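Asker: Numbering-wise, the sequence shown is residues 0 to 256 according to numbering that gives the first Met the number 0. Every residue, glycine too, gets a C-beta built ideally from N, C-alpha and C. Note that the structure is a prediction, hence the values are computed from the model and not measured.
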Amino acid sequence: MDTQTTAPTGISAEEWEARIDLAACYRLVDLHGWSDLLGTHISARVPGEPDNFLLNPYGNLWDEMCASDLIKVDMDGNIRSETNRFINPAGFTIHSAILKQRPDVNCAIHTHTEAGTAVATQKDGLLPLTQHALHVMAHTGYADYGGIETDPGERDRISAAINDHNVLMLRNHGLVTAGASVGEAFVWMYRAERACRMQLSLQQSGAEVAPIDEAVIEKTMALNQHLNSEKGHRTIGKHEWPALKRKLDRVNPGYQN
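1) Suppose the cutoff is 7 Å on Cβ atoms and the five residues either side in sequence are ignored; what does the same chain contact list for ARG156 look like?
2) To the nearest whole angstrom, what separates the beta carbons of ASP62 and ASP35, a pair I think is in contact under 8 Å?
3) Alpha carbon to alpha carbon, how far is VAL166 from ASN256? Give it in angstroms, no decimals.
4) If I follow the unbroken alpha helix (DSSP H) through LYS99, where does it start and stop?
5) At which residues does the beta strand (DSSP E) containing ALA206 begin and terminate?
6) Which one or two residues does DSSP pair with HIS40 in a beta bridge?
7) So is ASN55 buried or exposed if we call it buried at 16+ other beta carbons inside 10 Å?
8) Tell me where the alpha helix (DSSP H) around LEU222 begins and ends.
9) In three-state DSSP terms, what is LYS244?
10) Three or more C-beta pairs under 8 Å: does that hold for the stretch 177–186 against the stretch 122–142?
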């Protein structure tokens, strides 16, 4: 399949690259089994345009998303793309809340997976049962369920809940991850989803769980915070994202169009 190598007229090279990454993210989320027909959404801030971001058009399955499909919208909900397509109102509410609250965030992913939703619905949320859980717990916030987020007034609640976290558990609803890049947001979702799946597997097994010592929990969470910081060596998504795109090029190319 031929791919678009240069930005179309009216779209900057920087925006086109953001569109390519976002379209790849949609397809990779679907490839990992995290999509929900038309029910969820991923956003990316437009480079150089901090008040504009990209969202999926309602009606596309995620495994068919292309860079040219994505719709530019501003923080007030005005469509900035030349299109007759529309976006999910709940998606606009969630993503505008996060991107407006967090200028350091350039991508947010929202999913309704079985594991993520199940753990977000449990009273105690994500538990310190596994190393995977300890990777994300210090970076995780919670938002109580307030219904389908079609009311722009819901943005204040979501903004307060995301705070400075990279993972947000929407009670009775699903997961949200946020990152400075598309790759970072994707890897946070991968880590959170894996931790949730492991927790459910342990709970469903009925087996006695070997507890992690409280001092080890605190030490491991502190170490992860350091490694993931600007002073740490592990920039989340920096190495994983190019590898993930290479995989996508092998199994589902064409997202660059």
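Answerer: According to the structure data:
1) ALA142 and GLY145
2) Not confirmed; about 13 Å, so no contact.
3) 30 Å
4) 88–100
5) Per DSSP, ALA206 belongs to no beta strand (DSSP E) and is neither H nor E.
6) HIS109
7) buried
8) 213–226
9) helix
10) no
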